[in-house]
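A.B. asks: I have a structure I would like to understand better, so I am pasting it below and will then ask my questions one at a time.
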Amino acid sequence: MRVCVRAFARLREILCASERSVDVPDGARIEDLWALLCQENAALGRERNSTRAARNGRLAAFDERLCDGDDVAFLPPVSGG
Amino acid sequence: MFAIVTTPIDPRSLESVVSRGDGGIATFLGVVRGTDAGGKPIAGLWYEAFEPMALREFESIAREARDRCGDVRTAIVHRVGEVGVGQISVAVLAAAAHRAAAFDACRYVIDALKARAPIWKQERFLDGTARWSAGA
């Protein structure tokens with residue numbers, strides 16, 4: 062199945078994309094998607110503890126299962142204002 | 281009124297939420313400082329947002345302000361993209377019948393926004409270097 066990955070700020074720079082499609086196996090969780098991205102970008106691994114995930118615009122636990130067509134955003138610590 | 285904009289913020293635009301029964305209006309304007317915490321000169325800040333989620337967070341924060349402070353109306357506008365030194369990056373307005381609720385709500389909203397809204401800033405220095413801000 063295919064999901065859309067969004068990344069912001071520092072994570073966007075590490076992934077060299079603000080948005081991209083990624084193929085993941087059926088039954089994959091957000092954690093699996095993250096691991097897949099880490100295989101391509103070793104620097105991403107260091108960011109795990111400070112990164113939150115959102116699935117279809119809502120904060121989601123990394124063990125949440127993905128569905129085809131999901132929109133997954135990876136969010137570094139916020140700093141607005 | 282909740283908005284994320286790419287153009288300069290006119291603080292008066294937030295007054296559209298004020299009603300005839302309001303006797304107190306508190307406004308907070310966040311402005312880009314000319315130096316970082318260590319005194320290094322800044323050219324400007326770059327902001328980016330996960331817009332749909334940020335707007336939903338603004339609405340949640342405003343609802344919480346009403347739950348905590350009573351009958352208040354709030355407006356939140358955050359700018360994204362390049363924001364120069366001295367320019368407004370965020371504006372919050374809270375209006376209520378009396379000043380205490382307006383002050384409390386305004387403070388609650390800006391504090392919650394800085395802690396929770398999916399918005400990020402990068403300091404862009406006069407020497408050409410840049411650094412993502414570590415967090416709220």
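In the order they appear, the protein sequences are chains A and B. If you're matching positions, the first sequence starts at 62 in this note's numbering and goes up one per residue. If you're matching positions, the second sequence starts at 281 in this note's numbering and goes up one per residue. Heads up, the beta-carbon is just placed ideally off N, CA and C, and yes, glycines get one too.
Take R107 of chain A as the anchor and find which of A:V139, A:A96 and A:R90 has the nearest alpha-carbon.
C.D. replies: The option with the nearest alpha carbon to R107 of chain A is A:A96.
A.B. asks: If the cut is a Cβ gap below 7 Å, which residues of chain A does K394 of chain B touch?
C.D. replies: Neighbours of K394 of chain B on chain A, chain order: G141 and G142.
A.B. asks: Does the separation of the CB atoms of L373 of chain B and T307 of chain B fall below 8 Å?
C.D. replies: Cβ distance < 8 Å, so L373 of chain B and T307 of chain B count as in contact.
A.B. asks: When burial is assigned at 16 or more other CB atoms within 10 Å of the CB, is C386 of chain B buried or exposed?
C.D. replies: Per the 10 Å Cβ criterion, buried.
A.B. asks: Against chain A, which members of the segment 294-327 of chain B pass a CB distance test of less than 9 Å?
C.D. replies: Cβ contacts with chain A come from G310 and Y327.
A.B. asks: Work out the CA separation of A376 of chain B and G303 of chain B for me, nearest whole Å.
C.D. replies: Roughly 6 Å between the two C-alpha positions.
A.B. asks: Using the Cα positions of K394 of chain B and A283 of chain B, report the straight-line distance between them to the nearest angstrom.
C.D. replies: Roughly 15 Å between the two C-alpha positions.
A.B. asks: Just to confirm, are P398 of chain B and V66 of chain A a CB contact at a threshold of 8 Å?
C.D. replies: No, Cβ-Cβ distance for P398 of chain B and V66 of chain A is not below 8 Å.
A.B. asks: Is S82 of chain A helix, strand or coil when you go by DSSP?
C.D. replies: S82 of chain A: strand per DSSP, three-state reduction.
A.B. asks: One question on the structure: do D129 of chain A and R63 of chain A come within less than 8 Å of each other, judged by their Cβ atoms?
C.D. replies: Their beta carbons are under 8 Å apart, which means D129 of chain A touches R63 of chain A by this criterion.
A.B. asks: Where does L72 of chain A land, buried or exposed, given buried means 16+ other C-beta within 10 angstroms?
C.D. replies: With 16 or more other Cβ atoms within 10 Å, it is buried.
A.B. asks: Could you check which residue in B:Q402, B:A414, B:W326 and B:M281 has the C-alpha nearest to that of E337 of chain B?
C.D. replies: Nearest of B:Q402, B:A414, B:W326 and B:M281 to E337 of chain B, Cα basis: B:M281.
A.B. asks: Would you grab the beta carbon distance between V285 of chain B and A342 of chain B for me? Rounded to a whole angstrom, and I think it's under 8 Å.
C.D. replies: That belief does not hold up - the Cβ atoms of V285 of chain B and A342 of chain B are roughly 17 Å apart, past 8 Å.
A.B. asks: May I have the straight-line CA-CA distance separating G366 of chain B from V357 of chain B, to the nearest angstrom?
C.D. replies: One C-alpha to the other measures close to 17 Å.
A.B. asks: With DSSP as the reference, label Q100 of chain A as helix, strand or coil.
C.D. replies: It is helical.
A.B. asks: With DSSP as the reference, label G88 of chain A as helix, strand or coil.
C.D. replies: Residue state, collapsed to three classes: coil.
A.B. asks: Alpha carbon to alpha carbon, how far is P332 of chain B from G118 of chain A? Give it in angstroms, no decimals.
C.D. replies: So the alpha carbons of these two residues sit roughly 7 Å apart.
A.B. asks: The beta strand (DSSP E) spanning C65 of chain A covers which residue range?
C.D. replies: R63 to A68 is the span of the beta strand (DSSP E), which, as asked, contains C65 of chain A.
A.B. asks: Between A68 of chain A and A78 of chain A, which are expected to be in contact by the criterion C-beta below 8 Å, what is the C-beta distance as a whole number of angstroms?
C.D. replies: Between A78 of chain A and A68 of chain A the Cβ distance is about 7 Å, and since that is below 8 Å, they are a contact.
A.B. asks: When the Cα atoms are used, what is the spatial distance from S413 of chain B to P321 of chain B?
C.D. replies: Each residue's alpha carbon lies about 15 Å from the other.
A.B. asks: Exposed or buried, what is E328 of chain B when buried is set at 16 or more other beta-carbons lying within 10 Å of its beta-carbon?
C.D. replies: Buried, by the Cβ-count rule.
A.B. asks: Mapping DSSP to helix, strand and coil, what is L373 of chain B?
C.D. replies: Of the three classes helix, strand and coil, the one that applies to L373 of chain B here is strand, per DSSP.
A.B. asks: Cβ closer than 8 Å: which chain A residues qualify as neighbours of I399 of chain B?
C.D. replies: Ordered by position in chain A, the residues that pass the 8 Å Cβ test against I399 of chain B are V139, S140, G141 and G142.
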